[in-house]
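Structure, as structure tokens:
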Amino acid sequence: MNNLEKELVDSDNLEIRTHADGTIVGVLKNVKKAIETRMTDLAKSGQLLAGRKLALFGDKGGGTTKLIIVLVHLANPNSRHNILVISIFGADDTAQNMLKYIPDVLDQLNSLETISFEQNGVLVTIDVEWMLGGDIKFLCSCHGHAGASSLEFCFFCYLVNRQCTQLRDYNGDAILRTVQSYANDALTGANSVQIGSVIIFKLVKLSHVIVPSLHILMGLADRYIFVFLLTLAAKEDNLTDIEFEKLSHTKSKMKEMVKNLDNKNNVLKTWISDKKSMEDMLLAVTSVISRKISKARNPPPTCHAGNLHLYT
């Protein structure tokens with residue numbers, strides 16, 4: 005958080021505050037102004053292309069969650085110079101935390117339907133077409149979805165996870181979710197939607213949510229290529245008669261072992277703390293007893309004032 009002003013760039017439009025729970029939060033006070041200023045500058049330099057899309061991304065890294073806007077219609081939209089950080093806070097990237105720490109930013113985004121900027125000496129106003137991106141956990145949280153490990157794992161449709169364990173034609177047989185269906189499911193917690201949840205970015209259509217293609221590709225490669233090759237290599241290298249377990253079973257056992265070790269470690273820490281407290285108490289009691297014994301063995305000298313003779 006020390007480099008917050010560098011992250012948010014425009015210090016005149018920057019507010020840094022401390023939440024009641026001690027979390028430091030940095031936001032742009034006027035998101036629309038920041039976008040319009042940046043687009044005007046890009047238009048003057050000839051870098052701005054025709055279009056009306058703006059992409060909103062969120063992610064946690066380095067202990068802080070950043071919410072950014074990517075200016076899509078540029079030759080190099082992924083350049084850090086074309087990314088506008090609009091908020092940052094020191095907590096997880098969940099909808100609950102965004103509602104807690106940056107409600108003012110969410111209110112601005114949910115009412116930001118048009119953008120005006122100067123191009124070739126003319127004031128241009130466009131209707132913004134919002135897009136939303138991030139990892140699966142972030143996207144699910146933004147829609148109140150329980151996550152990719154839930155029964156109805158997809159936040160686009162109602163497919164059940166066991167329906168995806170075999171090859172099939174997915175065209176046309178999946179019932180798509182809608183903004184209204186999310187609201188209905190949130191009333192009772194049905195279909196893997198968290199009860200009482202809301203979609204926090206109101207202007208983003210479900211069809212405009214960008215799935216993390218790199219994460220999906222890495223997950224598929226890990227599960228169906230690397231894990232398979234690693235299991236095969238382990239079996240080939242096994243020169244004993246012991247049957248080799250599936251890697252997934254081995255991982256589960258390792259996780260259970262780590263969990264048990266953590267529990268034992270916590271018990272040990274508690275025992276050490278209690279032992280230290282008992283030692284301190286014993287030391288205090290011993291000190292008091294020692295002082296009493298010392299006084300009993302060495303009584304204070306008797307006053308002999310009564311034996312004094314007064315001479316006149």
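Quick note on numbering: the sequence shown equals residues 5 to 316 in my numbering.
Idealized CB from N, CA, C, for every residue including glycine.
Quick caveat: nothing in here was measured; it's all calculated off a predicted structure.
Assigned exposure category for residue i - 16 Cβ within 10 Å defines buried
i: Glu117; result: exposed
i: Glu156; result: buried
i: Lys242; result: Here residue 242 turns out to be Asn, not Lys, going by the sequence shown. Per the 10 Å Cβ criterion, exposed.
i: Trp275; result: exposed
i: Gln100; result: exposed
i: Glu9; result: Caution applies to Glu9, whose pLDDT of 47 falls short of 50 and renders its modelled position unreliable; the value that the coordinates give is listed next. Looking at its Cβ environment, which holds fewer than 16 other Cβ atoms inside 10 Å, Glu9 is exposed.
i: Ser120; result: exposed
i: Asp97; result: buried
i: Met282; result: exposed
i: Val35; result: buried
i: Tyr186; result: buried
i: Leu233; result: exposed
i: Ile229; result: exposed
i: Ile73; result: buried
i: Thr316; result: Since pLDDT at Thr316 reaches only 44, below the 50 mark, its modelled position is unreliable, and no value is offered.
i: Asp16; result: exposed
i: Leu221; result: exposed
i: Ser291; result: exposed
i: Leu58; result: buried
i: Asn86; result: buried
8 angstroms CB neighbourhood of residue i in its chain, flanking five on each side removed
i: Ile106; result: Val29, Val31, Leu71, Ser91, Phe93
i: Gln198; result: Gly148, His149, Ala150, Ala190
i: Thr182; result: Leu210
i: Met351; result: A query on residue 351 cannot be resolved here, the shown segment of the chain reaching from 5 to 316 and no further.
i: Glu11; result: Bear in mind that the predicted position of Glu11 carries a pLDDT of just 48, short of 50, making it unreliable; the figure below should be weighed with that in mind. Closer than 8 angstroms at the Cβ level, and outside the excluded window around Glu11, lie Gly30, Lys70, Val89, Ile92.
i: Leu127; result: Ser120, Phe121
i: Thr22; result: Ile28, Val29
Contact under 7 angstroms by Cβ, residue i with residue j
i: Trp134; j: Leu207; result: yes
i: Phe205; j: Leu136; result: yes
i: Ser153; j: Ser196; result: no
Member of the options whose CA lies at the smallest distance from the CA of residue i
i: Val132; options: Ser196, Val164, Ala95, Leu60; result: Leu60
i: Gly55; options: Ile130, Leu180, Lys259, Lys263; result: Ile130
i: Gln184; options: Ile203, Leu234, Leu18, Leu265; result: Ile203
i: Val213; options: Lys33, Gly62, Lys48; result: Gly62
i: Gln123; options: Phe159, Gly50, Leu236, Asn80; result: Gly50
i: Gly138; options: His219, Ile87, Gly26; result: His219
i: Asp108; options: Met222, Ser291, Lys33, Leu18; result: Lys33
i: Lys104; options: His77, Asp25, Ala288, Ser294; result: Asp25
i: Gly321; options: Ala79, Leu58, Lys48; result: The structure shown does not extend to residue 321, since the chain spans only 5 to 316, so no value can be given for it.
6 angstroms Cβ shell around residue i - same chain, five flanking residues per side excluded
i: Ala178; result: Cys161, Leu163
i: Gly193; result: Ile199
i: Ile140; result: Ala152
i: Glu19; result: Val31, Lys33
i: Phe159; result: Cys144, His147, His149
i: Gly223; result: none
i: Ser201; result: Gly148, Ala190
i: Pro216; result: Asp139
Closer than 7 angstroms to chain B by CB, residue i
i: Asp278; result: Protein chain content of the structure displayed is limited to a single chain, and chain B is not contained in it.
Other residues of its chain near residue i: CB distance less than 7 angstroms, five sequence neighbours each side excluded
i: Leu286; result: none
i: Asn165; result: Leu155, Phe157
i: Met102; result: Leu110, Ile204
i: Pro81; result: Val74, Leu75
i: Ala95; result: Thr27, Thr69, Asn101, Tyr105
i: His77; result: Leu52, Leu53, Ala54, Gly55, Lys57
heavy atom of the ligand ADP below 6 angstroms from residue i C-beta
i: Glu133; result: Of ligands this structure carries none, so the ligand ADP is not represented either.
Open item on the list: With three or more C-beta pairs closer than 8 angstroms as the rule, is the segment 146-159 touching the segment 64-73?
Closed with: no
Task: Three-pair Cβ contact test at 8 angstroms for the segment 110-128 versus the segment 35-52 - done: yes
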